[in-house]
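> This is the structure I have questions about; it appears just below.
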Amino acid sequence: MRKHLFALWMLCLVTSFAIAQEKKPITWKDIPTWKYMQSSSFEISPDGQWIAYGIVALEADGEVILQKVNDPNSKKSFPIGSTNFPSIEFSADSKWIAFKEYPKFSEKKANEKSKGKPLRDKLSLMELGKEDKVTFENVSSFSFNGDAASHLAINLPKEGNGDAKGSDLLIYHLNSKKTQNLGNVAEFSFNKSGSHLAYTVDAANKSGNGVYLLNLGNNSTSVLDTDKAAYKSLNWTEKGDAFAALKLVEDKKYKQDHGKVIGVKNLNNPQVTIYDALKDSTGFDQSYTISGIRRPMWSEDLTRLFYGIHPLVLAKKEDVKKEVDKDSVKMAEADAMKKIMADTTLKSIADLQKAISKLDSGKVKGKKENEADKPDMTIWHWNDSRLQSRQQVMENQDKNYSFYAMYDIAAKKHIALQDSSMKDLNILPKERYAMGMDDQAYELDINLDGQNYSDFYIVDLKTGDRKTLFIKFYLPSYSSIPRPSTDGTKLIYGEDGHFHVYDIASGTSINITEKIPVSFVDVEDDHNVEKPMVGALGWSSDSKYVLLRDDWDIWQVPVDGKSAAINLTQNGRAEKIRYQYRFNLDPEEKGIDLTKPVYIRTYGEWDKKSGIALLSPAKKGGLAPGAKSLVWEDANIGGLQKAEKAPVFFFGSETFNTPPQMHVTDAALAAPKQITANAPDADKYLWSAGTRLVNYVTDKGDSLQGALFLPAGYIEGKKYPTVVYYYEKLSQTRHNWTNPGYSGTGWNPNVYTSNGFAVFIPDIVYKLDDPGMSAVWAVIPAVKAAIKTGVIDENNIGIHGHSWGGYQTSFLITQTDMFKAAAAGAPLTNMISMYDLIYWNSGGGNMSIFEASQGRFRGAPWENWEAYERNSPVYHVKNVTTPLLMLHNDKDGAVDFTQGVEYYSALRRLKKPVVLVQYKGENHGLSKLENRKDYSVRMMEFFNHHLKGEAAPDWLSKGINKLDLEEHLEKTAF
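Using our numbering, the final residue of the sequence shown is 982, and nothing's skipped along the way.
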């Protein structure tokens with residue numbers, strides 16, 4: 009008997025070992041067909057009984073998974089072709105689901121090679137719980153009709169190359185299964201209840217162009233306005249009881265069309281208001297017109313229409329053709345040709361062609377002030393408030409900029425609400441007031457030193473009158489900007505380390521935090537700004553309270569200035585638990601409803617646990633103190649959602665080595681059950697054996713942590729090659745799953761741990777004037793502490809970072825030789841030269857970033873030379889002994905390509921081992937798939953060679969000559 013048991017035990021052991029052996033490290037070539045759940049595709053039916061989500065792959069076909077929540081056996085899969093972003097929608101009555109089907113990956117590739125016509129998508133419609141599926145061909149977009157859920161609108165792609173913008177819109181009747189076709193529809197939109205469909209028509213020659221309203225109850229259509237014009241920007245009110253639109257009439261005299269605002273209400277017997285600014289010569293400045301860019305909208309009480317206005321710009325005078333005598337034309341042409349032939353300045357065929365092209369006897373040109381060719385140039389002036397490069401980036405936005413205005417329906421009066429002296433305006437809730445903001449007086453200084461100031465104004469939306477709220481108001485961070493109450497009558501703002509509430513009607517302000525025994529200043533913000541505030545959670549729905557965070561706890565603060573504030577969570581600061589943010593379970597909420605339970609995301613600062621806590625309503629109003637922890641795990645918990653019409657809840661959970669999955673539960677979040685099957689092939693591969701936290705103290709006395717990710721197959725006592733990665737603070741990613749893929753930087757910690765590397769991610773905090781040395785003071789003690797765990801092979805440690813992390817990498821190797829290899833992506837390498845360069849992606853200068861943002865310097869280099877030089881890698885380049893791989897692209901719009909070239913050239917001059925990889929036309933990170941694939945492989949080959957002792961590929965050991973590069977790339981591409 010014992011022999012039989014022993015044999016059975018051995019068989020099980022061998023079988024388990026064999027199964028384990030079947031698992032393999034995931035390689036870069038496995039990733040194109042790796043399937044995963046696209047998180048944004050997760051959809052819940054309003055009754056909470058069904059879920060659907062998309063499983064996709066980079067270079068393979070995806071599927072939609074449909075499942076009844078309480079019946080795992082009901083799970084069905086539907087192929088949807090190749091896409092990264094599945095489109096799925098449930099009907100509001102939870103009876104129907106619709107999702108798009110895309111061309112297969114093989115079809116897309118074949119079409120790409122043959123340069124065929126664009127492939128079209130399909131739409132599948134299913135009644136939940138039934139097998140039948142209706143398919144619609146050639147679909148562009150689709151939408152159910154809101155709460156009614158009686159119709160499905162299907163927009164077909166535009167056919168042909170005519171100037172008409174409209175296309176067919178199919179209206180499918182879900183009950184009768186009949187289809188009707190509306191032709192030449194440019195825009196369409198259902199109201200909230202689904203009783204009506206507003207749409208615009210844009211047809212050939214503008215025939216029948218107009219705005220229409222379809223009553224879905226009786227299938228009758230109202231022609232609201234029709235003209236030889238363009239109609240656009242349909243915008244329903246939130247209740248769905250009215251909508252606004254624009255009517256644009258071409259006027260060749262101007263570059264812009266003349267705009268008119270259309271307002272429609274009383275839907276069953278439509279009442280149409282059209283405000284034509286051209287006909288309002290006394291109330292509307294005729295040098296302006298209504299903008300075609302800003303969407304118009306109704307006020308909540310349907311008494312006013314809001315819209316944008318912008319100046320009219322005259323079109324250029326075109327050549328005017330005149331009829332002339334044909335004989336005279338021939339004589340003129342002959343005479344002109346004689347002159348051309350006699351012209352001795354013509355030196356080439358190109359000169360001759362240019363001279364002939366100027367002949368057009370049938371056209372008499374309008375007189376120009378100057379016939380000379382204009383130069384193509386830019387003038388950069390020291391008084392420019394915005395750099396010319398910034399103006400170039402913003403050119404289209406500046407051209408299309410519009411000022412808010414409104415039309416009072418009863419008074420039939422247009423009122424301009426802003427002008428060029430107040431560039432920004434926000435309409436506050438309930439449309440009683442608006443808040444204006446303008447920083448033009450400080451824009452130059454803001455762009456120089458990064459310290460933000462702005463003027464603020466209050467605009468009365470009954471009269472258009474403006475009054476000053478603040479002049480030169482300091483904004484150390486976004487959290488200090490005034491934010492309106494839910495009823496639009498008050499503002500909360502941060503000033504000098506406190507939160508204040510301003511009552512608009514009375515013009516009075518109250519300091520609401522001065523009596524609270526904690527600070528709401530974000531003391532962990534180590535940038536060069538003064539008293540940045542921790543962001544407020546928001547206003548209560550009744551506008552009586554604001555919920556504030558002190559970085560640990562949440563406080564309920566009355567805004568009347570009389571009642572005492574309450575610490576709702578109580579244990580955050582004491583137990584080092586951060587109550588981070590509130591889950592918004594109702595997309596249509598207005599403020600935080602304190603009569604309902606409030607769910608808060610929690611995070612353990614020193615153990616990296618996370619979860620969800622509950623705050624309950626108090627009997628006498630507001631929330632009761634004392635947070636109840638509902639979920640608290642060694643995992644990354646988040647994504648709490650609720651079914652729209654049922655108490656069915658869902659939340660996500662993941663760890664570093666287990667993919668994110670959604671779980672279904674009740675309002676107490678009790679007994680959650682996994683409901684999704686993300687990453688269906690995950691069991692085929694080896695993943696990290698787990699994580700550890702490493703505590704350390706920086707050289708400046710700060711207590712910090714790093715997250716250590718164990719390699720797959722980790723054996724206690726064995727040391728492993730390790731890659732250290734960093735970007736300011738990232739230890740909070742201890743439980744974050746990184747989906748296997750090709751990032752724009754080549755880095756994927758899951759792929760590295762799967763392939764036998766340990767990964768260590770330490771935190772860095774910064775001291776002013778020492779962004780480089782701060783990394784030295786933090787990273788080196790962190791790595792030394794990590795070595796003591798026995799996991800890291802101290803002789804085979806590599807470091808990697810991108811952008812700011814690339815800077816830290818390039819600097820660290822000038823200060824220590826403890827790293828065997830380093831890979832730096834898009835690194836800053838000379839803080840002095842970089843200070844004066846352009847951040848081309850935005851067009852702004854770097855100096856404000858260096859002084860008030862990530863650079864953390866006090867002043868410019870000429871005011872603080874030693875600090876800039878001390879923290880610049882290039883000035884310490886002679887100390888480098890670590891082999892360096894650099895990624896830097898020639899069109900990098902964040903860190904100028906010259907930074908990489910400067911460091912590469914200095915290292916090359918000293919004959920230090922450095923390889924610079926450049927991808928042509930790429931920006932700060934890699935966007936093209938073929939480039940992301942390529943660099944991911946190269947960076948791992950680099951670390952495999954230096955940390956694992958594998959043979960170096962030719963590109964790393966010898967380099968590749970330009971003439972051999974094409975052949976090399978053909979061999980390495982996959």
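Note that CB positions come from ideal geometry on N, CA and C, so glycine has one too.
Starting from the Cα of Ser782, find the closest Cα among Asp171, Tyr760, Ala715 and Phe865 and give me that residue.
Phe865
> Taking 8 Å as the threshold (C-beta atoms), are Trp755 and Phe664 in contact?
no
> Short of 8 Å in beta carbon distance, which residues of its chain neighbour Asp171, apart from the five on each side in sequence? Order them along the chain.
Ala212
> Please look up how many angstroms separate the CB atoms of Leu602 and Leu576, rounded, as I've assumed it's under 8 Å.
Going by Cβ atoms, the distance from Leu602 to Leu576 rounds to 10 Å, so no, they are not a contact pair.
> Quick one: residues in its chain with C-beta nearer than 7 Å to the C-beta of Lys263, no 5 flanking neighbours on either side, listed in chain order?
Val321 and Ala323
> Starting from the N-terminal side, write out each stretch of the alpha helix (DSSP H) that is 4 residues or longer and does not extend beyond the region 673-759.
none
> Identify whether Phe951 lies in helix, strand or coil by the three-state DSSP scheme.
helix
> From what residue to what residue does the beta strand (DSSP E) around Gln188 run?
Its beta strand (DSSP E) spans residues Thr187 to Phe198.
> Return the residue from the list Ala651, Lys260, Asn243 and Met947 that minimises the CA-CA distance to Ile270.
Asn243
> Going by C-alpha to C-alpha distance, which of Glu503, Tyr760 and Gly929 sits closest to Ile518?
Glu503
> State the Cα-Cα distance for the pair Lys407 and Leu190, rounded to the nearest angstrom.
35 Å
> Note the first and the last residue of the continuous beta strand (DSSP E) segment covering Ala118.
Here Ala118 belongs to no beta strand (DSSP E); instead the alpha helix (DSSP H) covers Phe113 to Ser122.
> Per the contact definition of three or more C-beta pairs closer than 8 Å, is the region 846-860 in contact with the region 894-903?
yes
> Look at the alpha carbon of Asp534 and the alpha carbon of Val945, and state the distance between them as a whole number of angstroms.
36 Å
> CB Ile52 to CB Phe659, shorter than 8 Å?
no
> Whose C-beta lies closer than 6 Å to the C-beta of Lys200 among residues of the same chain, with five residues either side of it excluded?
Gly154 and Gly248
> Between His204 and Leu182, is the Cβ-Cβ spacing less than 8 Å?
No, the Cβ-Cβ distance between His204 and Leu182 is not below 8 Å.
> As an exercise, report each continuous beta strand (DSSP E) stretch of at least 3 residues that is fully enclosed by the region 247-313, in chain order.
250-257, 266-273, 279-284 and 296-298
> Are the Cβ atoms of Lys1010 and Val565 separated by less than 8 Å?
No answer is possible for residue 1010: it lies beyond the span of the chain, which begins at 9 and ends at 982.
> Is it buried or exposed for Pro490, if we count other Cβ within 10 angstroms and need 16 for buried?
With 16 or more other Cβ atoms from the protein chains shown falling within 10 Å of its own Cβ, Pro490 counts as buried.
> Give me the Cα-Cα distance between Tyr684 and Trp36, rounded to the nearest whole angstrom.
The sequence given here has Thr at residue 684, not Tyr. In a straight line, the C-alpha of Thr684 is about 26 Å away from that of Trp36.
> Taking only three categories from DSSP, how would you classify Pro869?
helix
> Using the C-alpha atoms, what's the distance from Pro40 back to Ala157?
38 Å
> Report the option in Leu716, Ile387 and Lys421 whose CA atom is closest to the CA atom of Leu313.
Cα-wise, what sits closest to Leu313 is Lys421.
> Can you look up Ala626 in the DSSP assignment and give me helix, strand or coil?
coil
> With a CB to CB cut of under 7 Å and the five nearest residues on each side skipped, what residues in its chain are close to Phe982?
Lys37 and Lys941
> Based on the DSSP output, what are the partners of Pro319 in its beta bridges?
Residue pairing for Pro319: DSSP places it in a beta bridge opposite Tyr296.
> Could you check the C-alpha separation between Val639 and Leu738 for me, to the nearest Å?
23 Å
> Less than 6 Å between C-beta atoms, sequence neighbours within five positions excluded: which residues of the same chain meet that for Asn804?
Pro729, Lys828 and Leu955
> At 3 residues or longer, what runs of the beta strand (DSSP E) sit wholly inside the region 566-640?
585-590, 606-612 and 618-623
> Do you know whose CA, among Leu177, Leu436 and Ile387, lies nearest Ala194's CA?
Out of Leu177, Leu436 and Ile387, Leu177 has the C-alpha closest to the C-alpha of Ala194.
> Relative to the C-alpha of Thr822, which candidate in Gly798, Phe251, Pro881 and Gln682 has its C-alpha closest?
Pro881
> In angstroms with no decimal places, state the Cα-to-Cα distance between Asp129 and Lys138.
Looking at the two C-alpha atoms, the distance is approximately 23 Å.
> Would DSSP call Gln926 helix, strand or coil?
coil
> With 16 other CB atoms within 10 Å as the buried threshold, where does Trp873 fall?
exposed
> In chain order, what are the residue ranges of uninterrupted alpha helix (DSSP H) at least 4 long that sit wholly in the region 401-488?
403-407 and 451-457
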